[in-house]
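In this text, residue positions in the first sequence follow our numbering: the first is 150, and each later residue adds one.
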Amino acid sequence: MIQPPIDFSASSVDVARSLIGATLLINGVGGRIVETEAYDHDDPASHSFSGPTRRNQVMFGPPCHAYIYRSYGIHWCLNFVCRPAGHGAGVLIRAIEPLAGLDIMRKRRGLSDERLLCSGPGRVCQALGITHEHSGMPIDTPPFQLTPSSDPVPVVTGPRIGISKAKDVPWRFGLAGSPFLSRPFR
DNA sequence: TAACCGATTAGCT
DNA sequence: GCTAATCGGTTAA
């Protein structure tokens with residue numbers, strides 16, 4: 150089976166699953182997406198749950214755009230907006246398998262261990278050079294480049310990480326057996 | 001205007 | 001496994 154192009158007007162859960170195995174590059178730096186999480190409008194764990202605000206307004210904009218927020222006052226986290234404009238759904242990119250621009254990523258992260266370059270949402274943004282300045286930009290045009298997987302990939306699911314509400318919903322997706330996950334699936 | 005707190009990470013035990 | 005670091009957004013008054 151060949152995975153179809155990613156349809157960002159689909160639900161965030163469908164998009165999160167179909168993004169596993171896709172290749173994401175920013176200015177030629179990046180790799181294969183191995184871990185994602187889905188967030189939806191009627192989801193208590195989502196930033197969009199309480200309606201549009203200054204921070205989350207991008208989530209209510211057109212699909213296929215980047216929503217980037219600061220986490221714990223320290224890190225940047227990258228999301229892809231889903232569904233028709235105004236819905237408020239997104240997919241968090243949690244981990245990437247580094248494939249392109251390794252030297253640049255090592256320099257940005259101050260590390261040499263490949264497995265620690267992009268294994269976490271904050272690490273992904275640091276390695277790929279993503280900041281709030283990228284928020285609201287379309288992710289299917291430069292400097293972004295998103296390529297769906299041409300081969301089928303085994304996807305595993307589980308509960309989302311680091312949230313206090315809706316902990317039991319299995320909306321975390323990962324590439325089975327990947328050593329680049331932020332945490333293993335059980 | 002003040003208080004509260006989080007879709008995390010790195011470093012230490 | 002546990003915790004400090006760190007600060008803008010959200011909420012309540």
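All residues carry an ideal CB built from backbone N, CA and C; glycine is no exception.
By DSSP, does residue i sit in helix, in strand, or in coil?
{"i": "PRO287", "result": "strand"}
{"i": "MET150", "result": "Low confidence applies to MET150: its pLDDT is 47, below 50, so where it sits in the model is not reliable, and the reading given next is rough at best. Three-state DSSP puts MET150 in coil, outside helix and strand."}
{"i": "CYS231", "result": "strand"}
{"i": "LEU277", "result": "helix"}
{"i": "VAL141", "result": "This structure cannot settle anything about residue 141, because the visible part of the chain is limited to 150 through 335."}
{"i": "ILE182", "result": "strand"}
{"i": "ALA165", "result": "helix"}
On a Cα-Cα basis, can you pick out the residue from the options that is closest to residue i?
{"i": "LEU324", "options": "GLY200, CYS213, VAL207, ILE242", "result": "ILE242"}
{"i": "GLN275", "options": "ASN205, TRP225, THR290, ASP262", "result": "TRP225"}
{"i": "HIS236", "options": "HIS190, GLY269, PHE334, GLY250", "result": "HIS190"}
{"i": "LEU266", "options": "THR172, ILE169, PRO247", "result": "PRO247"}
{"i": "PRO301", "options": "SER268, LEU168, VAL318", "result": "LEU168"}
{"i": "PRO270", "options": "GLU186, SER160, SER161", "result": "GLU186"}
Please work out which residues of its chain come closer than 7 Å, Cβ to Cβ, to residue i, disregarding the five sequence neighbours upstream and downstream, and give them in chain order.
{"i": "LEU277", "result": "ILE175, VAL178, GLY179"}
{"i": "HIS283", "result": "ALA215, ILE217"}
{"i": "THR296", "result": "ALA171, THR172"}
{"i": "ASP192", "result": "PHE198, ALA315"}
Residue i bridges to which residues according to DSSP?
{"i": "VAL304", "result": "LEU324"}
{"i": "PHE293", "result": "ILE175"}
Return the CA-CA distance between residue i and residue j, expressed in angstroms with no decimal places.
{"i": "PRO211", "j": "ALA234", "result": "4 Å"}
{"i": "PRO396", "j": "THR202", "result": "The structure shown does not extend to residue 396, since the chain spans only 150 to 335, so no value can be given for it."}
{"i": "ILE288", "j": "ARG335", "result": "31 Å"}
Excluding the five sequence neighbours on either side, which residues of its own chain have a C-beta within less than 8 Å of the C-beta of residue i, listed in chain order?
{"i": "GLY326", "result": "PRO303"}
{"i": "ASN228", "result": "TYR188, MET208, ALA215, TYR216, ILE217, TYR218, GLY239, VAL240, LEU241, ILE242"}
Once you ignore the five residues that flank residue i on each side, which residues in its own chain have a CB closer than 6 Å to its CB?
{"i": "ASN205", "result": "HIS196, SER197"}
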